[in-house]
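Visitor: Mind having a look at this structure? Questions to follow.
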């Protein structure tokens, strides 16, 4: 009996929930096993970790993929990460597919003690704000606030530089800050401990959750089939359920 066909997929932790559900559906339809590895860098642990010194320590999203040497596909929370991967020879040139988008949002603790209700509230004196200096959220606060004409005012209130998505959610949930910049899809990560306030469309930005083929992928045929599956209406419906668009 021939072995069951298998593909190995690496994902950023904040992108894992809809992927796990979509992978099960693909397995049932295709008979191809999908093994999923989630980011294991310390910045992906459930800690409100502040960036100190070298951003992200010695961690590198792309290097973790390359060092593992087992993956066929990789999912990132922003296209620029796959751009970097192509330049470094980790992601195959031109072998990527857009799955869905995430829209910018303000994250606040479930109690919302600072009574944050809109973007302009982040400019009030004394409001403590967290921003991420790593991965998919890097620079998002600047893009949003520049559109709204609040760059200087909000910038003065940044008090916490987080190491990525999980860190920023934890900083908000544990009330280390009054608010943070994140994505609307983060609501499920907070497990009821945070509230998500969408940024109005005229100031909002979106970034892509995309999947790329690794330059050294093994099972390229089935990997390409899974990439195509993730762009189908039934797969994208799963992502919508988790807050993607």
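Numbering (my numbering), first residue to last: 12 to 256.
Note that CB positions come from ideal geometry on N, CA and C, so glycine has one too.
In this text the structure is predicted, and so the values were computed from the model without any measurement.
#1: Would you kindly report the start and end of the unbroken beta strand (DSSP E) that includes residue 170?
#2: Return the CA-CA distance between residue 209 and residue 116, expressed in angstroms with no decimal places.
#3: To the nearest angstrom, report how far apart residue 90 and residue 201 are at their CA atoms.
#4: Are the beta-carbon atoms belonging to residue 190 and residue 118 less than 9 Å from one another?
#5: Please classify residue 231: does DSSP put it in a helix, a strand, or coil?
#6: Excluding sequence positions up to five away, which residues of its chain have a Cβ less than 7 Å from the Cβ of residue 240?
#7: If you draw a straight line from the alpha carbon of residue 244 to that of residue 110, how long is it in whole angstroms?
#8: Skipping 5 residues on each side, what residues in its chain have a beta carbon closer than 7 Å to that of residue 184?
#9: Please state if the CB of residue 33 and the CB of residue 216 are separated by a distance shorter than 9 Å.
#10: Any heavy atom of the ligand ZN inside 8 Å of the beta-carbon of residue 92?
Guide: Reading from the atomic positions:
#1: The residue given as residue 170 occupies position 159 in the chain shown. In the DSSP annotation of this structure, the continuous segment of the beta strand (DSSP E) that includes residue 170 starts and ends at 169-173.
#2: Position 198 of the chain shown, counted from the start, is the residue given in the question as residue 209. Position 105 of the chain shown, counted from the start, is the residue given in the question as residue 116. Roughly 4 Å between the two C-alpha positions.
#3: Here residue 90 corresponds to residue number 79 of the chain shown, with the count starting at 1. Here residue 201 corresponds to residue number 190 of the chain shown, with the count starting at 1. Going by the C-alpha atoms only, they are around 24 Å apart.
#4: Against the chain shown, residue 190 aligns to sequence position 179. Against the chain shown, residue 118 aligns to sequence position 107. Residue 118 is positioned such that its CB atom lies closer than 9 Å to that of residue 190.
#5: Your numbering for residue 231 matches position 220 in the chain shown. It is helical.
#6: Working through the chain shown from its first residue, we reach residue 240 at position 229. Same-chain partners within the cutoff: 37 and 246.
#7: Taking the first residue of the chain shown as position 1, residue 244 is located at position 233. Taking the first residue of the chain shown as position 1, residue 110 is located at position 99. When rounded, the distance between both Cα atoms is 10 Å.
#8: By one-based count along the chain shown, residue 184 stands at place 173. Once the five neighbours on either side are set aside, the close Cβ partners of residue 184 are 120, 201, 204 and 205.
#9: Along the chain shown, read from residue 1 onward, the residue named residue 216 stands at position 205. Along the chain shown, read from residue 1 onward, the residue named residue 33 stands at position 22. The Cβ atoms of residue 216 and residue 33 do not sit closer than 9 Å to each other.
#10: This structure lacks the ligand ZN, and indeed carries no ligand of any kind.
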